[in-house]
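Encoded as structure tokens, the structure appears first; notes follow it.
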Amino acid sequence: MTMDWIIPLSFYLSGALAFNIDPVAWKYVSKPAAAGFGYKVVQNSPERLLISAPLEEYTQNRRGQVYQCLVRDSSCKPLSIQVPSHGINMSLGLSMTMNPESLNTMVCGPTIPRECKTITTYNGMCFEIYPILNVRQPVPSSLEECPGQTDIAFLLDGSGSVDGSDFVKMKTFVKDLIREFLGRDTKFAVAQYSTDCTIHFDLKTFDVMNWDDQVNRIRQQRGWTFTAASIQKVVQDVFSTSKGSRPKAKKILIVITDGESNDSEMLGKAASEAEAKNIIRFAIGVGGAFSKPSARNELQTIASSPPINHVFQVGSFQALGQIKNTLQNSIFPIEGSQTTGESIQMEMAQEGFSAAYVPAGGFQMGSVGAFQWRGAYQEYTGSTLNPTPQQSLNMEPDSYMGYSIAVARTQSRQFTILGAPRFKHTGRVVVLPSKDTDKPIEFSGQIGAYFGAEVCAMDVNKDSYSDLVLISAPMFTDRDREGRVYVCTISDRSGVACQLVAEMTLVGDAGQMGRFGTSLAPLPDLNMDGFNDLAVGAPLENDGQGSVYIFHGTRSGISKIKSQRISASDVQPGLKYFGLSISQTSLDMSSDSLPDLAVGSNGAVLLLRSRPIVTLTAQVSFNPAKIPTIQSDCSTPLSNIAKVCFTMTRQTTDSKDLQAEINYTLTLDVTRQAPNYRAYIGPKIREETKTIALRLQEQCFSHKFFIEACPEDSLNELSNELDFTFEGLPTSSGGLSPILSPQSPTTTYHPLGFEINCGADNNCIDNLKVDFNFTRSSEVRVGIDEVINVTVSVESREENSYNSHVILTYPAGLSFRKFIILQGRVECNSSDSDGNVMWGQSDCTIDKPIFKSNSKALFVISYGIDRNTKFGQMMEFTANASSGNTHSRESELFKVKEIGVKYSIYVVIKRNEDSTSYVNFTAGKNDLQKHVKQSFEVENYERGFNITVIIKVPVKLGDKDIWADPKGIQIQGCQRHKDEEPTATEFVDKLQKNHAVDCSVAKCGVFMCKSFIRNLDRNSYNITGNLSSGWIEQIGLESAQFNLVSSATVDYDRNQYIYYSSDSKNNPPIQKIETQVEVYPEVDFTKPVIGGVVGGLLLLALITAGLYKAGFFKSQLKQMMQDTSEDGPGADGEAASPE
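Counted the way mature numbering (1 follows the signal peptide of the UniProt record, and there is no 0) counts, the sequence shown spans residues -18 to -1, 1 to 1121.
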């Protein structure tokens, strides 16, 4: 459930000022010598205050007093309260509350110490004070009993499965526990079990002086593990009076085992025997054996219930020390338990730390120290003298639940709201009793905020049922302030519902670190608006002087804006901690029928009176009541008389004779800037001021003024402003001055209109006709057109039309640019759509103030078009004419027209660089192939849309395929459609001239590529395949260059989109890719080879002849002959002549 925090503007403005609590102290009650005087205050009756001083030590061992203070003379004396002898140092008055129905007061002292043998306990008690100051007997009537004696027996596992060193560790663990419990009236026994059970020393033979040696002398027995039989022996032979067991002592058995027993079937019987003697049992399982379910079940059978509090498991004997503190803390609260074995956990309860009355009867006391400071509460009724403490599940130790308490009531449920400000060091609020749907209100924010320090249930709408629960966190620190109060709702169905966010909180002024929320008090309806109000104390503001804030209730909850901040320095000089406490009821103590507020501070209590509230009604009438418009003399101004009347009415129930001083100013024709106003009191003066004394009856005053003769504007009325200030005057008795209700406006407007001449019947009937068209536009092209022009015509066809208007509405996405007047007098003001409003609006006045009969106005309004707006397929405009007249039946006052909308798109188709630009073939060879790639890229530079890219690829020329596999040509993301036939039938002649192989001469494959393309998307389309040479021969050219031309264009929904182009046709582009195909004849090498051979031989002959002529061959032969001649005579002779 959420709350509406929107407060009317007039209320907000008044909230910035002081409202109806008189900040000056009416009564000042002080007792500086009484320590803590003013800590709590209760308005016990209209004549008396009860004020606590919980720190005052008035006799030895007596701390805390309650004073009764008479309002008439501010005198105080201690209230006689018969505190029992055991109620020492109880800090009486630390909490104090009042029953608003019976006017009984509950005062508590929660700090009563009691010295017991093992511990000092702290309890509390409360006293109920009747209106006649009789005091009821204390509740509770006696303190909790001291914790009693405790007998503890240890049963150790000495079986053979336990290692000798582990048995020593077990004995060390036992000695550590005994050492912790010595001195607490505790006796011990130690037994060992294996196959048999041996009692080494019992409760009688336990030696307080030499117990350490007794344990050290124990030797491990080894053997089997008969756990059940050993438990039975200890129950029978140790916990008996003959063996030293004390009848009133609490009995505890601690069993340590390392595994399953050999007599497990007897464990249940053994545990029952122990239960019959009220022996509380703890089972400690050591080692990995207890990972088995059967072993864990044995531990649970041995231990008392619930197992979660009485069963411990550790991984080894070395780890026993880890559970020592936990086991010790589990045993300690049991000291002093009842014979049933249930734990007494109220030793530190401090009952009465907080208290609250229950609407159905009885009262509740918060006990912050109960259950290891988890906290609890107790409810006392007429029949319940010793109620069971009520606690909350999952509350952690040291949470202080019961630090604050409140009781809330809805139509069918009663709730106890308890603050636990130290829960997890942040705070928690618990609602009891709870349903499954009720959850604790946890504060997950700032550590140390003390969330729940104060709680308060508040009936806002005066139906006797709680509407809100207020929770304070006085130590929550913001950057510039300290303290918050969270506002929660309450209902039968949802219980208490909180949203712990800043929007649902009350805060003090910025710059004040004042513990805002230290005290909370519901107040009666101070401002008489039908809703109760709230006071919040901030005692540390202004360097510890303190403040109190007032917040008004509203229909939907409580105002987040303060109505008043009462600072200690305004109340009384020298105050300290003002706002420390606030009375939970506000009685009339000043006999003026108005509630008074009692606020405590350090050493003093102050009574603040609420001031009477009045409303003030201001009226202005004129004589004559209308300004004449038929004037023959336009040089003489018209006179008029304004009669100003004030009526002050009492809003509160007081009976005083109230009076106030009113200072008012009457300003004529206030909406006109000087010097253009049409009315004046004197030359260049249009306002008059007067101060009057006002009582509780109507008072009137007259003011004469003049109206300009024949004013240009005789249609629009004069708006005359009456502005006044209010100051309440002190009454003759009590000196209390009234204050003006914030619902009374201090500025009012009073119109004075002109007479309207409408013939003998005095009924102005016009006949207006409005029409419009879209100037020279058949459609709106978003992204191309910058503006759309709307031409509007208005005609007045019968009697004069007064205050004529035309309101033109236009869709969001258009913005007003300008208007041009073609005929008449026209003024236009436009407000475009701001996101919350679907339509823009142009309001145009026509021939103001009078649109005369048979007149016409013509004008053009230009609207800018936002290129990013989605208008749909149609754009709607309306024109609505109106006037101050009655309209003729023939009037044509309304027109609605639509114009189609198209959205600009702009894509660019480009040839990719990796496209094949050139291939060649040899003429006459029809079986050649060359790989060709043609690639297009399509890029979108505008809005996203559904695009179809159409790609046409020449695939067949005549009866020859251009591609080796024409049917295998596919483009990824595209579907191939029916091939397109060429337009030219005689392609040979055309190609011999043009050389372009395109879809005009060749059959083309047509590919449709559909997709949604976003702004700045780039899509690529690749045509790949082997180009065949078979189609070239039919052209009849052995040498030529052809261009194989593929094309790409785009298609789209032309009813929705229009292509942006520089020309007016707005056609999409067609991009072509040309691959140059060159054909050349085959080369014949026979003649060049023969010619080369012959030429080579001739060249060789010429070279040889040249060498011969040069003597190259002769010189070589001659040299050889000479060499032979020189060698021949000797040698040859010898050889030839025989001897």
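Cβ atoms here follow ideal geometry from the backbone N, Cα and C, with glycine treated the same way.
If you draw a straight line from the alpha carbon of residue i to that of residue j, how long is it in whole angstroms?
i	j	result
asparagine 2	serine 545	9 Å
histidine 407	asparagine 279	37 Å
leucine 1084	glycine 1074	15 Å
isoleucine -12	proline 369	With a pLDDT of only 30 at isoleucine -12, under the threshold of 50, the placement of this residue in the model should not be trusted, and no figure is reported.
aspartate 507	glycine 539	13 Å
serine 684	isoleucine 644	15 Å
isoleucine 94	alanine 171	36 Å
residue 1125	tyrosine 21	Given that the chain is displayed from residue -18 to residue 1121, the structure contains no residue 1125 and the question cannot be resolved.
glutamate 680	glutamine 360	59 Å
threonine 730	threonine 653	13 Å
cysteine 740	phenylalanine 859	33 Å
leucine 1079	glutamate 1064	29 Å
serine 583	valine 11	10 Å
cysteine 991	glutamine 1053	15 Å
asparagine 997	asparagine 902	40 Å
phenylalanine 163	serine 529	51 Å
Please classify residue i as buried or exposed, where buried requires at least 16 neighbouring CB atoms within 10 angstroms.
i	result
methionine 152	buried
tyrosine 1039	buried
glutamate 872	exposed
cysteine 627	exposed
isoleucine 1072	exposed
methionine 856	exposed
histidine 959	exposed
Considering only the beta carbon of each residue, do residue i and residue j sit closer than 7 Å?
i	j	result
leucine 734	phenylalanine 604	yes
leucine 569	glutamine 50	no
asparagine 771	valine 883	no
leucine 557	glutamine 527	yes
glutamine 823	threonine 791	yes
alanine 271	alanine 265	no
tryptophan 945	isoleucine 953	no
leucine 620	isoleucine 689	yes
serine 835	serine 778	yes
methionine 486	valine 469	yes
proline 92	glycine 106	yes
alanine 17	leucine 588	no
phenylalanine 918	alanine 1022	no
glutamine 174	threonine 180	yes
To which residues of the same chain is residue i closer than 6 Å at the C-beta, ignoring the five residues directly before and after it?
i	result
cysteine 826	Val788, Val808, Cys810
phenylalanine 397	Ala390, Val413
leucine 1099	Because leucine 1099 sits at a pLDDT of 44, beneath the cut-off of 50, its placement in the model cannot be relied upon, and the following sentence gives the value as read from the coordinates. Here the set comprises nothing.
isoleucine 429	His407, Thr408
proline 14	Gly585
isoleucine 802	Val842
For residue i and residue j, which I take to be in contact (beta-carbon distance under 8 Å), what is that distance rounded to the nearest angstrom?
i	j	result
aspartate 829	serine 870	Going by Cβ atoms, the distance from aspartate 829 to serine 870 rounds to 18 Å, so no, they are not a contact pair.
leucine 704	tyrosine 646	6 Å
proline 82	threonine 567	5 Å
arginine 660	leucine 722	About 32 Å; that fails the 8 Å criterion.
proline 594	aspartate 636	5 Å
valine 220	serine 227	7 Å
isoleucine 543	aspartate 515	Contact doesn't hold; Cβ gap of about 13 Å is too wide.
Who are the Cβ neighbours of residue i in its own chain at under 7 Å, not counting the five residues just before and after it?
i	result
leucine 804	Leu840, Phe841, Val842
aspartate 474	Thr392, Gln393, Ser394, Arg395
threonine 321	Its pLDDT being 33, under 50, threonine 321 is placed unreliably by the model, and the measurement read from it follows with that caveat. These residues qualify, in order along the chain: Asn260.
Please list, in chain order, all residues of the same chain as residue i whose beta carbon is under 8 Å from its beta carbon, the five residues on each side excluded.
i	result
leucine 249	Thr209, Ala210, Ile213, Ser243, Glu280, Thr283, Ile284
phenylalanine 714	With the sequence shown as reference, residue 714 is identified as serine, and phenylalanine is not the correct amino acid for it. These residues qualify, in order along the chain: Asp639.
glutamate 1121	The pLDDT assigned to glutamate 1121 is 34, lower than 50, so where the model puts this residue is not dependable, and the model offers no usable value.
leucine 505	Asn514, Asp515, Leu516, Ala517, Ile532, Ser568, Pro577, Leu579
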